[in-house]
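Protein chains in written order, with the UniProt record's numbering: chain A, 1 to 482; chain B, 1 to 482. Every residue gets a Cβ at the ideal spot worked out from N, C-alpha and C, and that includes glycine.
2 protein chains.
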Amino acid sequence: MTRYQYLATLLAQRIEQGLWKSGEKLPSVRQLSAEHGVSISTVQQAYQVLENLQLITPQARSGYFVAPCKAQPPVPAMSRPVQRPVDVTQWDEIMTLLESRKDKTVLALGSGSPDLSQTTLKPLWRELSRQVQHNPDTVLGYDDLAGKAELRQQITRLMVDSGTLVSADDIVITSGCQGALSAALLAVCKPGDIVAVESPSFYGTMQMLRGFGIKTIEIPTDSCLGISIEALELALEQWPIKGIILVPNCNNPLGFIMPDDRKRAVVSLAQRHDIVIFEDDIYGELANDYPRPRTVKSFDIDGRVLLCSSFSKTLAPGLRVGWIAPGRYLDRVLHAKYATAGTNVPATQLAVAAFIRDGHYTRHVRRMRRVYQQNMEAWTCWVRQDFPDGICVTRPAGGYMLWIELPEQVDMVCVSRCLAKLKIQVAPGSMFSASGKYRNCLRINCAQPLTETNREALRQIGNVVYEALEDANTLTPPKAPV
Amino acid sequence: MTRYQYLATLLAQRIEQGLWKSGEKLPSVRQLSAEHGVSISTVQQAYQVLENLQLITPQARSGYFVAPCKAQPPVPAMSRPVQRPVDVTQWDEIMTLLESRKDKTVLALGSGSPDLSQTTLKPLWRELSRQVQHNPDTVLGYDDLAGKAELRQQITRLMVDSGTLVSADDIVITSGCQGALSAALLAVCKPGDIVAVESPSFYGTMQMLRGFGIKTIEIPTDSCLGISIEALELALEQWPIKGIILVPNCNNPLGFIMPDDRKRAVVSLAQRHDIVIFEDDIYGELANDYPRPRTVKSFDIDGRVLLCSSFSKTLAPGLRVGWIAPGRYLDRVLHAKYATAGTNVPATQLAVAAFIRDGHYTRHVRRMRRVYQQNMEAWTCWVRQDFPDGICVTRPAGGYMLWIELPEQVDMVCVSRCLAKLKIQVAPGSMFSASGKYRNCLRINCAQPLTETNREALRQIGNVVYEALEDANTLTPPKAPV
Ligand SMILES: Cc1ncc(COP(=O)(O)O)c(C=O)c1O
Ligand SMILES: Cc1ncc(COP(=O)(O)O)c(C=O)c1O
Chain A
1 MTRYQYLATL
11 LAQRIEQGLW
21 KSGEKLPSVR
31 QLSAEHGVSI
41 STVQQAYQVL
51 ENLQLITPQA
61 RSGYFVAPCK
71 AQPPVPAMSR
81 PVQRPVDVTQ
91 WDEIMTLLES
101 RKDKTVLALG
111 SGSPDLSQTT
121 LKPLWRELSR
131 QVQHNPDTVL
141 GYDDLAGKAE
151 LRQQITRLMV
161 DSGTLVSADD
171 IVITSGCQGA
181 LSAALLAVCK
191 PGDIVAVESP
201 SFYGTMQMLR
211 GFGIKTIEIP
221 TDSCLGISIE
231 ALELALEQWP
241 IKGIILVPNC
251 NNPLGFIMPD
261 DRKRAVVSLA
271 QRHDIVIFED
281 DIYGELANDY
291 PRPRTVKSFD
301 IDGRVLLCSS
311 FSKTLAPGLR
321 VGWIAPGRYL
331 DRVLHAKYAT
341 AGTNVPATQL
351 AVAAFIRDGH
361 YTRHVRRMRR
371 VYQQNMEAWT
381 CWVRQDFPDG
391 ICVTRPAGGY
401 MLWIELPEQV
411 DMVCVSRCLA
421 KLKIQVAPGS
431 MFSASGKYRN
441 CLRINCAQPL
451 TETNREALRQ
461 IGNVVYEALE
471 DANTLTPPKA
481 PV
Chain B
1 MTRYQYLATL
11 LAQRIEQGLW
21 KSGEKLPSVR
31 QLSAEHGVSI
41 STVQQAYQVL
51 ENLQLITPQA
61 RSGYFVAPCK
71 AQPPVPAMSR
81 PVQRPVDVTQ
91 WDEIMTLLES
101 RKDKTVLALG
111 SGSPDLSQTT
121 LKPLWRELSR
131 QVQHNPDTVL
141 GYDDLAGKAE
151 LRQQITRLMV
161 DSGTLVSADD
171 IVITSGCQGA
181 LSAALLAVCK
191 PGDIVAVESP
201 SFYGTMQMLR
211 GFGIKTIEIP
221 TDSCLGISIE
231 ALELALEQWP
241 IKGIILVPNC
251 NNPLGFIMPD
261 DRKRAVVSLA
271 QRHDIVIFED
281 DIYGELANDY
291 PRPRTVKSFD
301 IDGRVLLCSS
311 FSKTLAPGLR
321 VGWIAPGRYL
331 DRVLHAKYAT
341 AGTNVPATQL
351 AVAAFIRDGH
361 YTRHVRRMRR
371 VYQQNMEAWT
381 CWVRQDFPDG
391 ICVTRPAGGY
401 MLWIELPEQV
411 DMVCVSRCLA
421 KLKIQVAPGS
431 MFSASGKYRN
441 CLRINCAQPL
451 TETNREALRQ
461 IGNVVYEALE
471 DANTLTPPKA
481 PV
């Protein structure tokens with residue numbers, strides 16, 4: 001990030017946080033230059049960016065003013081999914097999303113990719129290339145079944161921050177978080193079993209349940225506090241549920257961090273009903289606040305939490321380096337991994353281990369936390385400008401996803417088809433439900449830099465949404481929102 | 001390989017093939033030097049290697065003679081497994097084998113690794129490092145669901161040699177052959193289904209069946225001709241078998257290549273009984289003879305053969321690049337891959353694609369075919385020298401594995417435990433049976449160069465086998481061999 005970009009995102013964040021109100025005059029170029037120790041032209045460039053983003057408006061001879069902006073929209077209410085075990089559907093929509101990845105001219109706002117353009121990531125691919133050259137035997141040979149010991153060692157060090165104390169022998173390296181969840185489910189469940197999930201929840205995991213013939217029950221989930229413990233308890237009393245999948249930290253798609261007392265409550269509920277918790281902590285390190293939140297596993301006393309994660313969001317998904325700390329299921333997870341996936345690529349593991357060891361990981365993640373937080377605030381502001389009234393937007397506590405709930409009449413599956421023609425890809429909400437709920441919602445990836453292309457794309461999304469809403473309203477009278 | 005090593009393996013092969021008989025005088029150093037256009041000292045070094053390997057003996061002032069060698073042992077007879085569906089066991093033995101990989105001082109004769117020391121492999125890791133440096137965005141980002149198009153394109157070109165005509169869109173890249181088989185089984189089978197396998201057969205695949213809760217029925221298999229079509233037919237009439245897993249080319253562990261008429265017969269049998277064929281062609285490119293054998297899939301007319309393979313044996317297992325041509329099951333395989341494994345590492349795919357495109361693949365595989373064939377012949381000769389009478393040894397038509405059947409009293413599980421103390425790892429035969437048959441057999445990996453360390457290791461294996469045989473004979477009177 002250049003100096004002026006940095007300043008622009010900082011100012012965007014202040015506007016978003018309401019430090020400067022709509023219509024208020026902004027500090028002069030000279031003032032800001034002195035305050036931030038940057039040149040006049042840097043400030044001018046930053047203001048130009050904000051003007052292009054329509055966050056501020058210039059007024060002849062009197063400087064810049066905060067552009068008019070609607071009030072902060074409310075957060076989505078507790079979700080109300082169908083609460084009985086179902087087979088997961090929605091594969092076609094996901095295929096459409098995955099297929100659109102192939103066309104590199106499509107703006108992938110529906111994807112889960114992190115920002116790969118930051119300079120703090122450079123030592124990673126330098127290390128990767130170094131490993132290949134200096135370590136060809138290890139790089140070309142079969143990996144150990146549990147994965148490279150040096151990487152497992154580094155992961156245990158990282159996990160301390162989340163209150164999770166495990167040894168390197170308690171960890172198994174997997175091919176991404178998907179590989180971790182896959183080994184976990186296969187080790188614990190069999191076809192026909194029922195597994196509970198948050199609702200909405202990550203479509204990849206739900207397709208995995210479908211792949212293994214496991215039934216899914218969606219549990220009401222609050223966009224700030226996470227899964228409803230009460231609803232979960234009711235479901236556990238009513239159905240023979242085998243386990244529950246939770247993304248408790250920087251949830252995908254809702255962005256919440258479950259408060260510690262709820263994490264504790266869910267563990268004791270699991271104990272009482274003797275079920276297993278599959279914890280997916282993939283975004284946990286990207287919490288806005290430091291130190292990062294605790295894992296559910298850090299409250300686990302009898303090894304019933306299988307903690308799954310990966311470096312796909314913190315570093316890069318192309319590494320395919322994930323891991324699992326399977327608690328009491330270690331042996332079964334090792335078998336499941338061997339049986340279904342075999343071993344992993346050694347090269348990327350060694351590169352990540354060196355990247356962590358040499359302090360690059362901490363530096364990179366520290367930067368990304370700030371970048372993503374600023375991005376999400378700017379995107380939220382754009383959404384307020386470009387979207388119709390009556391929407392709800394999440395206020396993520398980390399990660400880089402925004403979840404937007406539109407008036408019930410809007411069908412995002414149709415909207416996203418229109419957007420595909422404009423080479424803009426978004427993730428319609430129905431992908432995040434086992435049974436296709438949340439058709440009026442969408443998830444937007446805010447990881448990408450605050451460029452004018454992105455600004456313009458969001459404006460186009462807003463336009464198509466407006467049109468869809470108008471069409472719907474002429475066809476059917478508006479109903480109360482969900 | 002240096003010049004003298006090359007000459008040594010060539011001479012070893014001639015001795016093994018019986019061109020020079022036991023006790024016969026070998027050509028003089030001068031003669032060989034002229035014949036091969038190499039220096040006197042190169043020939044002397046080569047003879048020194050052969051002497052160290054005890055293939056030849058020097059006689060003062062009269063030159064070198066072929067060392068006394070026992071007659072060629074017979075090949076193993078048709079196997080006679082238990083012919084009913086069972087749950088696969090033997091995981092403990094496999095874990096022991098996999099665990100011993102961690103100790104780099106152990107000589108891994110039980111592993112499946114190819115020779116990674118050849119110079120023809122160098123362009124591969126140069127390419128890998130180049131991709132990382134010049135293509136960081138692609139390397140770090142999420143892969144396409146089906147894998148990199150350029151690699152799929154190159155694979156279709158390679159497959160032409162095996163009579164298999166598919167397009168790049170018919171191919172899905174997987175994490176090794178294990179990933180391919182896993183997606184194939186998950187796409188077609190559900191727990192409780194029965195799948196037939198050759199007997200003996202690769203333990204990794206059988207553990208996969210166990211992992212998915214699929215029952216296994218082992219079918220009698222001939223060490224030269226492959227699976228018994230008659231026995232398979234009988235089994236199909238008796239049990240509701242869903243599919244059959246075949247390694248028809250350079251079989252692991254038996255080394256046979258199924259003749260074309262049998263390949264055709266198995267396809268029409270599959271049609272008649274409407275079952276699926278999971279074809280594992282991982283060693284198919286390493287057939288001794290050129291051109292390489294046809295795939296079973298090349299006889300398939302209605303898309304019921306799912307062809308699985310990888311570059312783990314031809315190039316390097318640490319790449320984790322495999323693929324599947326799933327015929328009519330393409331959509332289900334894509335879902336199974338997405339659901340259980342996610343996407344793959346782009347870097348190694350791009351490196352392999354470039355390696356093939358630039359002609360390095362053909363060069364490397366051509367060399368490896370010759371190297372492995374020479375190795376296996378030298379190892380066979382050592383086995384004849386060091387092992388007791390009454391053994392059977394396969395005569396592999398490709399790959400790099402030898403399968404040795406010992407007198408029935410020898411328990412290779414115990415022998416391999418003794419060998420582990422000597423830091424020598426072999427694969428006991430029982431790993432290759434669903435129900436622990438073939439305890440009197442072992443598989444030896446002959447991929448590694450003909451070094452004195454390997455020569456000495458085989459001598460030690462022979463010693464422990466002799467001891468085990470003696471112990472067994474003093475305890476129980478010898479029975480007729482299997
Ligand atoms: C919540 C969640 N879990 C798992 C995954 C899969 O991660 P990976 O790419 O490491 O397999 C994702 C990726 O989008 C995710 O958002
Ligand atoms: C017959 C057979 N199939 C599959 C595999 C697994 O291959 P990969 O390492 O590509 O997953 C092996 C490896 O030993 C094998 O011998």
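For residue i, decide whether its Cβ has a neighbour in chain B, counting only Cβ atoms nearer than 7 Å.
i              : result
residue 144(A) : yes
residue 206(A) : no
residue 100(A) : no
residue 336(A) : yes
residue 341(A) : yes
residue 403(A) : no
residue 435(A) : no
Can you list the residues of chain B that residue i reaches, using a CB-CB cut of under 7 Å?
i              : result
residue 399(A) : The contacting residues do not exist; residue 399(A) stays about 16 Å from chain B at best.
residue 91(A)  : 335
residue 186(A) : 211
residue 190(A) : 191 and 213
residue 175(A) : 175, 341 and 342
Which first and last residues belong to the alpha helix (DSSP H) in which residue i is found?
i              : result
residue 377(A) : 360 to 386
residue 184(A) : 176 to 188
residue 122(B) : 122 to 134
residue 243(B) : Segment 241 to 246 is the beta strand (DSSP E) holding residue 243(B); no alpha helix (DSSP H) there.
residue 58(B)  : No alpha helix (DSSP H) contains residue 58(B), which is instead part of the beta strand (DSSP E) from 56 to 59.
residue 151(A) : 149 to 159
residue 333(A) : 330 to 340
residue 206(A) : 203 to 211
residue 77(A)  : Careful: residue 77(A) lies outside any alpha helix (DSSP H) and carries neither H nor E.
Quick one: which chain A residues come within Cβ less than 7 Å of residue i?
i              : result
residue 346(B) : 318
residue 264(B) : Per Cβ cutoff of 7 Å: no residues; residue 264(B) is ~31 Å from chain A at best.
residue 116(B) : 137, 140 and 141
Per the DSSP calculation, residue i is bridged to which residue(s)?
i              : result
residue 401(B) : 445(B)
residue 425(A) : 108(A)
residue 25(B)  : 65(B)
residue 392(A) : 405(A)
residue 2(B)   : In DSSP, residue 2(B) forms no bridge with anything.
residue 198(B) : 219(B)
residue 249(B) : 257(B)
Counting along the chain, where does the beta strand (DSSP E) carrying residue i start and finish?
i              : result
residue 216(A) : 215 to 222
residue 323(A) : 322 to 325
residue 309(B) : 305 to 310
residue 280(B) : 276 to 280
residue 50(B)  : Taken as a continuous stretch (DSSP letters only), residue 50(B) belongs to no beta strand (DSSP E), being part of the alpha helix (DSSP H) at 40 to 52.
residue 271(A) : Run containing residue 271(A): none in the beta strand (DSSP E); it sits in the alpha helix (DSSP H), 260 to 272.
What in chain B is Cβ-close to residue i, meaning under 8 Å?
i              : result
residue 162(A) : In chain order: nothing, as chain B lies at least about 23 Å away.
residue 133(A) : 125 and 129
For residue i, return the contacting residues in chain B, with the cut-off set at a CB-CB distance below 9 Å.
i              : result
residue 169(A) : Neighbours of residue 169(A) on chain B: none; closest Cβ ~11 Å, over 9 Å.
Assuming residue i and residue j make a contact with CB atoms under 8 Å, what is their CB distance in whole Å?
i              : j              : result
residue 348(A) : residue 319(A) : 4 Å
residue 330(A) : residue 145(A) : Contact doesn't hold; Cβ gap of about 12 Å is too wide.
Below 9 Å on C-beta distance, what does residue i contact in chain A?
i              : result
residue 178(B) : 338, 339, 340, 341, 342 and 343
Report yes or no: is there a C-beta of chain A within less than 7 Å of the C-beta of residue i?
i              : result
residue 113(B) : yes
residue 182(B) : yes
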